[in-house]
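> Residues 125 to 397 in the working numbering are what the sequence shown spells out, letter by letter. Here's a structure for you.
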Amino acid sequence: MMSTTENLSGNGTLMKPKPPSTQSSKTTEDQGTPLPLRRSNPYNYPERLLFRGLTYNGANIFDFPVSADPITHVKRIRKLTMRNDDIIITAFPKCGTHWVSEMLHMLLSGSTYYAAQPKEFAMLEFTDDLTVLDKMTSPRLLNSHLYTNLLPEQILQKKVKLVHLIRNPKDVIVSMYYHVKQNAPEQFNFDKFLRSYITENYIVVVVVVIVVVIVVVVIVVVVVEIIIVVEVIVVVIVVVVIVVVVVVVVVVVVVVVVVVVVVVVVVRSMEYL
Numbered sequence: 125m126m127s128t129t130e131n132l133s134g135n136g137t138l139m140k141p142k143p144p145s146t147q148s149s150k151t152t153e154d155q156g157t158p159l160p161l162r163r164s165n166p167y168n169y170p171e172r173l174l175f176r177g178l179t180y181n182g183a184n185i186f187d188f189p190v191s192a193d194p195i196t197h198v199k200r201i202r203k204l205t206m207r208n209d210d211i212i213i214t215a216f217p218k219c220g221t222h223w224v225s226e227m228l229h230m231l232l233s234g235s236t237y238y239a240a241q242p243k244e245f246a247m248l249e250f251t252d253d254l255t256v257l258d259k260m261t262s263p264r265l266l267n268s269h270l271y272t273n274l275l276p277e278q279i280l281q282k283k284v285k286l287v288h289l290i291r292n293p294k295d296v297i298v299s300m301y302y303h304v305k306q307n308a309p310e311q312f313n314f315d316k317f318l319r320s321y322i323t324e325n326y327i328v329v330v331v332v333v334i335v336v337v338i339v340v341v342v343i344v345v346v347v348v349e350i351i352i353v354v355e356v357i358v359v360v361i362v363v364v365v366i367v368v369v370v371v372v373v374v375v376v377v378v379v380v381v382v383v384v385v386v387v388v389v390v391v392r393s394m395e396y397l
């Protein structure tokens, strides 16, 4: 069996294709079109992941490396004309879209050469002029980090194939850290970066759950005691009152949690601006 670094050339002999780099001059399978230069961070990518408070169609929107504002660009993506043989790779950033994109390209082209264009060329939120995608030959291999409800509407109307990647969140965070670190300030460290993923929100949730459990237990105990010593009609009235009180308490707690979460997210986001 061949190793992962070896491939079969067109005549069946073993070859070791060099990975793409900033100085790459490798050609496509037709050996005629040179690969474009690939920069390690062409779009100032990490800094553009910061949430700006924009939402569309129920999902958060981040800044994109395009000339249009984020919401306008997402609206254009939503109206993008799809084809029945289109393939879209979707994933959270740093889940392996580059590798999967190259593998799918090799399967579609029947070769072991890297794609002529970098993955970002067919990335929906990174493509300033979406009409460029219309000029791609079928089947088109597209990709995106957008939420499903921000993808083209026609993915539900046509036979578009979605390849969704899921990676261990711990590995994602480590990979993203080293990606961001390339252009981060010197004082930037993993602990600070980790807090941008895991905020105090989980503490609030745990406290709320504990409080709700305690309240429910107390209510059950009180109701049981009342049933033992009080007439049924009185029990019903008391239960109704308790239920109303519980509903009010839950509503208040939910409102408080939402406010706290929003404040924490905004504060954490501002730390990285």
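C-beta atoms are modelled at their ideal positions from N, C-alpha and C, and glycine is treated no differently. Every value quoted in this text rests on a predicted model; they were computed, and no experiment measured them.
Go ahead and pull the three-state DSSP assignment for residue 288.
strand
> Roughly how many whole angstroms lie between the Cα atoms of residue 247 and residue 371?
46 Å
> Quick check: residue 258 and residue 191, are their CB atoms within less than 9 Å of each other?
no
> Could you check what DSSP says for residue 318 in three-state terms: helix, strand or coil?
helix
> For residue 274, count the other beta carbons within 10 Å of its own beta carbon; 16 or more makes it buried, fewer makes it exposed. Which is it?
buried
> Return the first residue and the last residue of the beta strand (DSSP E) that residue 268 is part of.
265-268
> Looking at the secondary structure, which residues open and close the alpha helix (DSSP H) in which residue 297 lies?
293-305
> Is residue 209 buried or exposed, if buried means 16 or more other CB atoms sit within 10 Å of its CB?
exposed
> Buried or exposed for residue 188, please, with buried defined as at least 16 other CB atoms from any protein chain shown within 10 angstroms of its CB.
buried
> Under a three-way DSSP split, which group does residue 155 fall into?
Note that residue 155 scores 36 on pLDDT, short of 50, meaning its location in the model is unreliable; the coordinates nonetheless yield the value given after this. Here residue 155 sits in coil by DSSP.
> Taking only the alpha-carbon atoms, compute the straight-line gap between residue 196 and residue 254 and give it to the nearest angstrom.
12 Å
> Quick check: the stretch 215-224 against the stretch 296-314, are there 3 or more CB pairs under 8 Å?
Contact between the stretch 215-224 and the stretch 296-314 is present, because at least three Cβ pairs lie under 8 Å.
> Residue 352 to residue 387, Cα distance in whole Å?
46 Å
> Could you name the residues that DSSP lists as bridge partners for residue 215?
289
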